[in-house]
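Take a look at the structure set out below.
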Amino acid sequence: MQSLSCKKIIRSLLSAVIVSAVMFSMCSCKKDTQVCQEEALKLTVIMYHGLTDKHSRQNQYMISPDSFEDDLKFLKENGYHTISVSELILHFKDKRPLPEKPVLITFDDGYLNNYTFAFPLLKKYNAKALISPIGISADEAEKEKYRSADWSQCRWSELMEMCNSGLVELGNHTYDLHKTGGGKNGAAKMYGEDEQEYEKRLKEDVITANEAIIKHTGKTPQAFVYPFGAKSGSTEEIIRSLGFSAIFDCENKMNILTSQDDLYHLHRFIRAEKTVRRICSENE
Numbered sequence: 000m001q002s003l004s005c006k007k008i009i010r011s012l013l014s015a016v017i018v019s020a021v022m023f024s025m026c027s028c029k030k031d032t033q034v035c036q037e038e039a040l041k042l043t044v045i046m047y048h049g050l051t052d053k054h055s056r057q058n059q060y061m062i063s064p065d066s067f068e069d070d071l072k073f074l075k076e077n078g079y080h081t082i083s084v085s086e087l088i089l090h091f092k093d094k095r096p097l098p099e100k101p102v103l104i105t106f107d108d109g110y111l112n113n114y115t116f117a118f119p120l121l122k123k124y125n126a127k128a129l130i131s132p133i134g135i136s137a138d139e140a141e142k143e144k145y146r147s148a149d150w151s152q153c154r155w156s157e158l159m160e161m162c163n164s165g166l167v168e169l170g171n172h173t174y175d176l177h178k179t180g181g182g183k184n185g186a187a188k189m190y191g192e193d194e195q196e197y198e199k200r201l202k203e204d205v206i207t208a209n210e211a212i213i214k215h216t217g218k219t220p221q222a223f224v225y226p227f228g229a230k231s232g233s234t235e236e237i238i239r240s241l242g243f244s245a246i247f248d249c250e251n252k253m254n255i256l257t258s259q260d261d262l263y264h265l266h267r268f269i270r271a272e273k274t275v276r277r278i279c280s281e282n283e
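Residue 113 in numbering that gives the first Met the number 0 sits at position 114 of the sequence shown, and the numbers go up by one each step.
Below you can see the structure in the form of structure tokens.
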């Protein structure tokens, strides 16, 4: 009888140990999950194209300078902080801290109005932005005799001035692939084009754009921006092989970033569709 009681006691103790171990494991998993959730970076990226002070020209790509200033005011007054692509990359690469409520501002195509209207406001509010010019358009702007903020592109000297301010970085938006029609759609593969031809064509164009940016600004782009958001199955792999650390698309989504690899799928809210106030309030 005594031996039987001892066995019961031992069984009870073993059961208690097993239950404790399971509970500890569950708590640990829950704790680890919380840590992962806390470490995930919630990043809002806003996509602009151009600014115009002519109401008749305002559309899904062009908003007024006053609207852009309202955006910057809202961000500043509500505790948001604009960050650069470099800061974002270093956050994941070297664990460098970012400010609370980070926001990334981007301008596609490199319109002259980015320099005449947006740049003074960036300086006024000490805000940072990524501007991604079309390489061939910047080259052609050098030859233009008559220019307009509504349709002209930035010259390399203007892009360099913005870069030197410390507020603007340049992204690679291709040299001459920003076009559609005739089987072409941005950086995507053309109909009937084999993989080797496509890789060669894309690499040559993107490298040409990089070389132009380096030549005129002395700085190597770290981000690639898909023209029109168009891509094919192998596009990302090709772009990554060229040394870029971030890629931007045109999907209207919030970014929840947990690793450096997530920087190759950065989504952007189209500003002309919603105000920054609304974008931020819907994604708090």
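Backbone N, C-alpha and C fix where the C-beta goes; we use that ideal spot for every residue, glycine too.
Nearest-angstrom beta carbon gap, residue j and residue i [assumed within contact, 8 Å]
i      : j      : result
Leu42  : Leu103 : 6 Å
Ala187 : Ala222 : Contact doesn't hold; Cβ gap of about 19 Å is too wide.
Leu50  : Ala117 : 6 Å
Gly170 : Pro101 : No, Gly170 and Pro101 are not in contact; Cβ-Cβ is about 17 Å, not under 8 Å.
Phe91  : Arg276 : Between Arg276 and Phe91 the Cβ distance is about 28 Å, and since that is not below 8 Å, they are no contact.
Cys153 : Ala137 : 6 Å
First and last residue of the uninterrupted beta strand (DSSP E) at residue i
i     : result
Met46 : 40–47
Cβ-based neighbour list, residue i, same chain, cut-off 6 Å, excluding 5 preceding and 5 following
i      : result
Ala126 : Leu71, Thr81
Leu89  : Arg95
Cβ-based burial, residue i [other Cβ within 10 Å; buried from 16]
i      : result
Asn251 : exposed
Asp193 : exposed
Tyr109 : It is Gly, not Tyr, that sits at residue 109 in the sequence shown. Gly109 should be labelled buried.
Asn112 : buried
Thr257 : exposed
Arg270 : buried
Met161 : buried
Identified DSSP bridge partners for residue i
i      : result
Ala61  : A small fix is needed here, since residue 61 is Met in this sequence, not Ala. Gly49.
Leu256 : Leu40
Asn171 : Phe223
Asn284 : Because the chain spans 0 through 283 in this model, residue 284 falls outside it and cannot be assessed.
Leu176 : Leu176 pairs with nothing; no bridge assigned.
Tyr110 : Gln152
Cβ neighbours of residue i in the same chain (closer than 8 Å, five flanking residues each side left out)
i      : result
Asp248 : Tyr225, Gly228, Lys230, His264, Leu265, His266, Arg267
Tyr174 : Ile133, Gly134, Ile135, Asp204, Val205, Thr207, Ala208, Ala211
Gln36  : Bear in mind that a pLDDT of 39 at Gln36, under 50, signals an unreliable position, so the model cannot answer this.
Own chain residues within Cβ distance below 7 Å of residue i, not counting five before or after
i      : result
Lys202 : Ile237, Leu241
Leu176 : Gly185, Ala186, Asp204, Pro226
Met61  : His48, Gly49, Leu50, Thr51
Segment limits, alpha helix (DSSP H) that includes residue i
i     : result
Phe91 : 84–92
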